[in-house]
Amino acid sequence: MPIDLDAFEPAYKKWVEESLPDYRAGNMKEIIKKYPFIVPDDVPWTDYKGQPSDQTFALLTTGGFYLKDSQPPFDTESIHGDVSYREIPKTVRQQDIGIAHKHYDHSLTEQDFNIVFPIQRFVELENEGVIGKLPDTHYSFSYVNDAVSLVKETVPEFISRIKADGVDVLFLVPV
Amino acid sequence: MGLIQRLVEEAGIPTISTGNAPDRMAHIKPPRAVLVKFARGSMFGEPGNVKRQRRIILDALEALQTMTEPGSIQELPYKWKRPDPE
Numbered sequence: 001m002p003i004d005l006d007a008f009e010p011a012y013k014k015w016v017e018e019s020l021p022d023y024r025a026g027n028m029k030e031i032i033k034k035y036p037f038i039v040p041d042d043v044p045w046t047d048y049k050g051q052p053s054d055q056t057f058a059l060l061t062t063g064g065f066y067l068k069d070s071q072p073p074f075d076t077e078s079i080h081g082d083v084s085y086r087e088i089p090k091t092v093r094q095q096d097i098g099i100a101h102k103h104y105d106h107s108l109t110e111q112d113f114n115i116v117f118p119i120q121r122f123v124e125l126e127n128e129g130v131i132g133k134l135p136d137t138h139y140s141f142s143y144v145n146d147a148v149s150l151v152k153e154t155v156p157e158f159i160s161r162i163k164a165d166g167v168d169v170l171f172l173v174p175v
Numbered sequence: 176m177g178l179i180q181r182l183v184e185e186a187g188i189p190t191i192s193t194g195n196a197p198d199r200m201a202h203i204k205p206p207r208a209v210l211v212k213f214a215r216g217s218m219f220g221e222p223g224n225v226k227r228q229r230r231i232i233l234d235a236l237e238a239l240q241t242m243t244e245p246g247s248i249q250e251l252p253y254k255w256k257r258p259d260p261e
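Those sequence lines, one after another, are chains A and B.
When the letters of the first sequence are read in order and numbered with this note's numbering, they come out as residues 1 to 175.
When the letters of the second sequence are read in order and numbered with this note's numbering, they come out as residues 176 to 261.
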């Protein structure tokens, strides 16, 4: 596993209890400092084979993007964050995007979402044949601390979703 | 975020990410990443800098094809509001 849940779960519970006052006060540096990063030393690895021009790429951001006319925003109140994700079509336009993420400044992203979700550049590269294919659907997560639910529930479902789309490479952009 | 990347890589799909915080990346250990010198919320530089957005993607695609060591991080040269190197 990329994370030791048996070690993480109790440490996370303790962190939630201890960090709630700081979280409510907006002391994000403090709570990040105390967060129980428990990641094994080994790094997962899948050999990259082939050529981008023959392959299917999916894009993921953690910018807290949602389609403001058709999708609910992320939960931005809970200390656990929000473990869900939103499906963003590759044809998305700036005016379609809402941002639900309290922990970065959205002012630049509101001018050009490509700075954290460069889907329009990917579409150009698809049209030029630099990359093989973009599925119709790409993805946004938001701020999340609850790694337990993420690892046990959301990400396995997400992986099934991108495998069903034939995704060869996942390109991730955190905020 | 790093956790999602690690799980996807472990599930057999190669991944690459952008990052801007070496200390955080040292905790999270992404399988492959390019490192930029931009602040939170603008991983691809200034809004509207289409050429730079494209270059960062192309750099990442190059890194994807050339990195052979798990945990590889390649630093990119771009600077906020400065011209890109030739």
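For glycine and all other residues, C-beta sits at the position ideal for the given N, C-alpha and C.
Since residue i and residue j are thought to touch, with beta carbons under 8 Å apart, how far apart are those beta carbons, to the nearest angstrom?
i	j	result
P174 of chain A	G194 of chain B	7 Å
Y48 of chain A	P245 of chain B	The pair is not a contact, with the Cβ atoms about 12 Å apart (cut-off 8 Å).
I38 of chain A	S19 of chain A	So it is not a contact: roughly 16 Å between Cβ atoms.
L210 of chain B	L251 of chain B	7 Å
L236 of chain B	V151 of chain A	Wrong, their Cβ atoms sit about 28 Å apart, outside the cutoff.
L172 of chain A	M176 of chain B	7 Å
G81 of chain A	V144 of chain A	4 Å
T206 of chain B	P44 of chain A	Checking the sequence shown, residue 206 of chain B turns out to be Pro, not Thr. 6 Å between Cβ atoms; contact.
T56 of chain A	G166 of chain A	5 Å
Of all the options the options, which has the alpha carbon lying nearest to the alpha carbon of residue i?
i	options	result
K212 of chain B	B:K254, B:D259, B:P258	B:K254
E17 of chain A	A:E87, A:E128, A:I79, A:L150	A:I79
R199 of chain B	B:E185, B:A186, B:R215	B:R215
P118 of chain A	B:L251, B:K256, B:L233	B:L233
N114 of chain A	B:Q180, B:R230, B:A186	B:R230
H101 of chain A	A:R86, A:K13, A:K90, A:F122	A:R86
P36 of chain A	A:R24, A:D146, A:T91	A:D146
L125 of chain A	A:L5, A:A58, A:F8	A:A58
T61 of chain A	A:I162, A:T154, A:D69, A:S142	A:S142
D105 of chain A	A:G64, A:Q120, A:I3	A:G64
Q228 of chain B	A:D165, A:V148, A:V167, A:V123	A:V123
N127 of chain A	A:V167, A:K90, A:M28, A:S149	A:K90
K226 of chain B	A:D136, A:K29, A:K163, A:R121	A:R121
M218 of chain B	A:D112, A:N27, A:R24, A:V148	A:D112
DSSP three-state label for residue i, please.
i	result
T91 of chain A	coil
V225 of chain B	helix
Q51 of chain A	coil
K133 of chain A	strand
V116 of chain A	coil
Q249 of chain B	strand
L210 of chain B	strand
H202 of chain B	helix
L108 of chain A	coil
A196 of chain B	coil
A100 of chain A	coil
A164 of chain A	helix
A238 of chain B	helix
G220 of chain B	coil
R257 of chain B	coil
Y139 of chain A	strand
G187 of chain B	coil
T76 of chain A	coil
Just the C-alpha distance for residue i and residue j, rounded to the nearest angstrom, thanks.
i	j	result
A11 of chain A	G132 of chain A	43 Å
G223 of chain B	P21 of chain A	39 Å
A208 of chain B	I248 of chain B	5 Å
S176 of chain A	T76 of chain A	Only positions 1 to 175 of chain A appear in this structure, which leaves residue 176 of chain A out of reach.
G98 of chain A	Y66 of chain A	5 Å
V169 of chain A	Q71 of chain A	26 Å
K13 of chain A	L5 of chain A	12 Å
D259 of chain B	G220 of chain B	11 Å
F158 of chain A	K256 of chain B	36 Å
K34 of chain A	K68 of chain A	34 Å
T46 of chain A	Q180 of chain B	11 Å
P135 of chain A	V92 of chain A	13 Å
Q95 of chain A	A7 of chain A	43 Å
V116 of chain A	Y139 of chain A	12 Å
S149 of chain A	I191 of chain B	23 Å
For the region 200-217 of chain B, list every residue whose C-beta sits within 7 Å of some C-beta in chain A, in sequence order. H202, I203, K204, P206, R215, G216, S217
Could you list the residues in the region 177-192 of chain B with a C-beta less than 7 Å from some C-beta on chain A, going in chain order? L178, I179, Q180, R181, L182, V183, E184, E185, A186, G187, I188, P189, T190, I191, S192
To be precise: take each residue of the region 235-247 of chain B, compare its Cβ to all Cβ atoms of chain A, and keep it if any distance is under 8 Å. Which residues remain? A235, L236, L239, Q240, M242, P245, G246
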